[in-house]
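Colleague:
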Ligand SMILES: NC(=O)c1ccc[n+]([C@@H]2O[C@H](COP(=O)([O-])OP(=O)(O)OC[C@H]3O[C@@H](n4cnc5c(N)ncnc54)[C@H](OP(=O)(O)O)[C@@H]3O)[C@@H](O)[C@H]2O)c1
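In our numbering, the protein residues as written are 5 to 296.
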């Protein structure tokens with residue numbers, strides 16, 4: 005039986021891993037922790053926790069994800085996304101644990117024409133991206149047995165995310181402004197959870213850096229339009245706006261599109277198309293009745 009530590013287990017991704025877990029209950033035991041049980045910024049406690057538990061894998065879902073707030077809380081963002089990850093890497097090294105770490109499209113500056121591959125040089129343009137890149141670097145410098153999986157535009161039936169915000173706003177407003185000059189790929193956290201757990205289940209030894217999001221590339225404006233279309237909400241009007249008309253504390257990359265080719269080929273993976281995954285989540289959020 006493999007023993008797997010899930011950190012940040014009450015976040016979107018952690019909750020989705022809990023949903024996937026029963027499928028492999030014969031071969032994997034999951035231990036769920038969040039901030040209260042295991043604060044990854046506390047080196048001593050992290051080390052002791054690893055020492056006492058004899059994990060085979062750690063899937064790190066713990067992160068500071070408040071992209072705009074990170075511009076004010078720089079130390080906190082780095083403490084969790086960089087130093088916290090370093091503590092996990094140190095414990096993984098000490099107790100021979102395979103680390104599966106989740107990172108972000110925000111490590112890129114978004115200036116590339118075309119999709120980003122794993123070979124492209126990161127160049128973050130905000131604090132969140134810089135803190136996540138530092139976390140990646142610690143893992144790569146310290147470990148041989150790791151997976152770093154960069155993902156983008158994560159949503160799910162849990163927590164706060166773009167899909168849930170759009171559904172809420174559609175009940176409150178007649179029109180909404182959404183940016184159309186930032187493009188990327190949405191990721192259903194449930195699909196990502198399936199992929200991460202499959203790395204454990206299949207005992208993959210293809211360690212390294214990979215990209216994972218749903219297939220298809222769109223703007224936030226197109227994402228909003230599809231949410232309203234699938235939710236059969238015809239009363240809300242979407243105004244497509246440019247990023248400069250919606251200034252935010254953190255600058256966002258214009259292009260967040262990442263190639264999934266390496267991931268698909270290495271793991272013989274069929275990644276769901278974004279509109280199909282969106283349908284699955286909308287059924288969970290609003291049931292089947294409103295959906296077209
Ligand atoms: N959300 C996105 O759009 C997005 C995009 C690209 C990449 N990612 C990456 O995907 C991963 C999962 O994201 P997510 O959306 O599931 O994030 P999330 O919902 O914000 O979950 C993160 C979890 O980590 C916990 N946490 C924070 N500080 C911690 C600490 N010191 N020790 C232990 N746990 C701590 C949080 O607890 P509190 O809630 O109490 O703080 C939360 O439960 C992250 O690595 C993130 O950077 C996310």
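Cβ coordinates follow ideal geometry from the N, Cα and C atoms, glycine included.
Using three-state DSSP, classify residue 151 as helix, strand or coil.
Modeller: Taking the first residue of the chain shown as position 1, residue 151 is located at position 147. Three-state result, residue 151: strand.
Colleague: With distances taken between CB atoms, is the gap from residue 96 to residue 10 smaller than 8 Å?
Modeller: Walking along the chain shown from the start, residue 96 turns up at place 92. Walking along the chain shown from the start, residue 10 turns up at place 6. No, they are not a contact pair.
Colleague: Taking residue 4 as the reference, which of 263, 230, 8 and 225 has the closest Cα?
Modeller: Residue 4 is absent from the structure shown; the chain starts at 5 and stops at 296.
Colleague: I want to check one thing, is the minimum distance from the CB of residue 281 to the heavy atoms of ligand 1 below 7 Å?
Modeller: For this step, residue 281 is matched to residue 277 along the chain shown. For ligand 1, not one heavy atom lies less than 7 Å from the Cβ of residue 281.
Colleague: What would DSSP say about residue 87, mapped onto helix, strand or coil?
Modeller: Position 83 of the chain shown holds residue 87. Looking at residue 87 - three-state DSSP - the assignment turns out to be helix.
Colleague: Which partner residues of residue 34 appear in the DSSP bridge assignment?
Modeller: Position 30 of the chain shown, counting from 1, holds the residue named residue 34. Answer by DSSP bridge pairing, in chain order: 8.
Colleague: With distance defined between alpha-carbon atoms, name the residue in 194, 148 and 142 nearest to residue 155.
Modeller: For the purposes of this step, residue 155 is identified with residue 151 of the chain shown, where counting begins at 1. Among 194, 148 and 142, the Cα nearest to that of residue 155 is on 194.
Colleague: What I want to know is whether the C-beta of residue 11 ends up closer than 7 Å to one or more non-hydrogen atoms of ligand 1.
Modeller: Counting from 1 along the chain shown, the entry for residue 11 is found at position 7. Answer for residue 11: yes, Cβ within range of ligand 1.
Colleague: Comparing the CB of residue 136 with every heavy atom of ligand 2, is any distance shorter than 7 Å?
Modeller: Absence of ligand 2 is noted for the structure shown, with ligand 1 being the only ligands found.
Colleague: Restricting to Cα atoms, I'd like to know which of 177, 265 and 142 is closest to residue 94.
Modeller: Reading the chain shown from its first residue, position 90 is the one you call residue 94. Ranking the options by Cα distance to residue 94, first place goes to 142.
Colleague: Please classify residue 299: does DSSP put it in a helix, a strand, or coil?
Modeller: This structure gives no information on residue 299, because the portion of the chain shown stretches from 5 to 296.
Colleague: Who pairs with residue 277 in a beta bridge, going by DSSP?
Modeller: In the chain shown, residue 277 corresponds to position 273, counting from 1. Beta-bridge pairing links residue 277 to 219.
Colleague: When the Cβ atoms of the region 142-152 are set against those of the region 236-245, are three or more pairs found closer than 8 Å?
Modeller: Contact fails: fewer than three Cβ-Cβ distances are below 8 Å.
Colleague: Could you check if residue 109 belongs to the surroundings of ligand 1, using beta carbon to heavy atom distance under 7 Å?
Modeller: As a first step, residue 109 is located in the chain shown; it is residue number 105 there, counting from the start. For ligand 1, at least one heavy atom lies less than 7 Å from the Cβ of residue 109.
Colleague: When every heavy atom of ligand 1 is checked, does at least one fall within less than 7 Å of the C-beta of residue 156?
Modeller: Residue numbering aside, residue 156 sits at position 152 when the chain shown is read from its first letter. Because some heavy atom of ligand 1 lies under 7 Å away, the Cβ of residue 156 counts as near it: yes.
Colleague: Can you tell me the Cα-Cα spacing of residue 63 and residue 270, whole angstroms?
Modeller: Counted from its first residue, the chain shown places residue 63 at position 59. Counted from its first residue, the chain shown places residue 270 at position 266. Near 19 Å, if we compare the C-alpha coordinates of residue 270 and residue 63.
Colleague: Following a CB-centred definition, is residue 67 positioned closer than 7 Å to any heavy atom of ligand 1?
Modeller: The residue given as residue 67 occupies position 63 in the chain shown. True, at least one ligand heavy atom lies under 7 Å from that Cβ.
Colleague: Assign residue 64 to one of three DSSP states: helix, strand, or coil.
Modeller: For this step, residue 64 is matched to residue 60 along the chain shown. Residue 64 falls in the strand class under three-state DSSP.
Colleague: Starting from the Cα of residue 117, find the closest Cα among 157, 41, 258 and 133 and give me that residue.
Modeller: Taking the first residue of the chain shown as 1, we reach residue 117 at position 113. When each option's Cα is compared against that of residue 117, the closest is 258.
Colleague: May I ask you to report which of helix, strand or coil DSSP gives residue 14?
Modeller: Numbered from 1 along the chain shown, position 10 holds the residue referred to as residue 14. The answer is coil: DSSP assigns residue 14 none of H, G, I, E or B.
Colleague: Please classify residue 27: does DSSP put it in a helix, a strand, or coil?
Modeller: Translated into positions along the chain shown, residue 27 becomes position 23. The answer is helix: DSSP assigns residue 27 an H, G or I state.
Colleague: Is any non-hydrogen atom of ligand 1 found closer than 7 Å to the C-beta of residue 81, if you look at the structure I gave you?
Modeller: The count along the chain shown starts at 1 and reaches residue 81 at position 77. No, the beta carbon of residue 81 sits no closer than 7 Å to any heavy atom of ligand 1.
Colleague: Can residue 302 be considered in contact with ligand 1, in the sense that its beta carbon sits closer than 7 Å to one or more heavy atoms?
Modeller: Beyond the ends of the chain as shown, which are 5 and 296, falls residue 302; an answer cannot be given.
Colleague: Say yes only if the C-beta of residue 113 is nearer than 7 Å to one or more non-hydrogen atoms of ligand 1, and no if none qualify.
Modeller: For the purposes of this step, residue 113 is identified with residue 109 of the chain shown, where counting begins at 1. Not under cutoff, so the answer is no.
Colleague: For residue 256, which residues from the same chain have a beta carbon less than 6 Å from its beta carbon, with the 5 sequence-adjacent residues on both sides left out?
Modeller: For the purposes of this step, residue 256 is taken as residue 252 along the chain shown, with counting starting at 1. Answer for residue 256: 186, listed in chain order.
Colleague: Compute every distance between the C-beta of residue 186 and the non-hydrogen atoms of ligand 1, then say whether any falls below 7 Å.
Modeller: Translated into the one-based positions of the chain shown, residue 186 becomes position 182. Not so, every heavy atom of ligand 1 lies at least 7 Å from the Cβ.
Colleague: Would you say the beta carbon of residue 106 is closer than 7 Å to some non-hydrogen atom of ligand 1?
Modeller: As a first step, residue 106 must be located in the chain shown, where it is residue number 102. The answer is yes for residue 106.
Colleague: Excluding sequence positions up to five away, which residues of its chain have a Cβ less than 7 Å from the Cβ of residue 103?
Modeller: Position 99 of the chain shown, counted from the first residue, corresponds to residue 103. Cβ neighbours of residue 103 beyond the five flanking positions: 62, 64, 92, 93, 96, 143, 147 and 150.
Colleague: Run through the DSSP bridge pairs and tell me what residue 103 is partnered with.
Modeller: Locating residue 103 in the chain shown gives position 99, counting from the first residue. Answer is 62 and 150.
Colleague: With H, G and I counted as helix, E and B as strand and the rest as coil, what does DSSP make of residue 241?
Modeller: What you label residue 241 is simply residue 237 of the chain shown in a count that begins at 1. Of the three classes helix, strand and coil, the one that applies to residue 241 here is strand, per DSSP.
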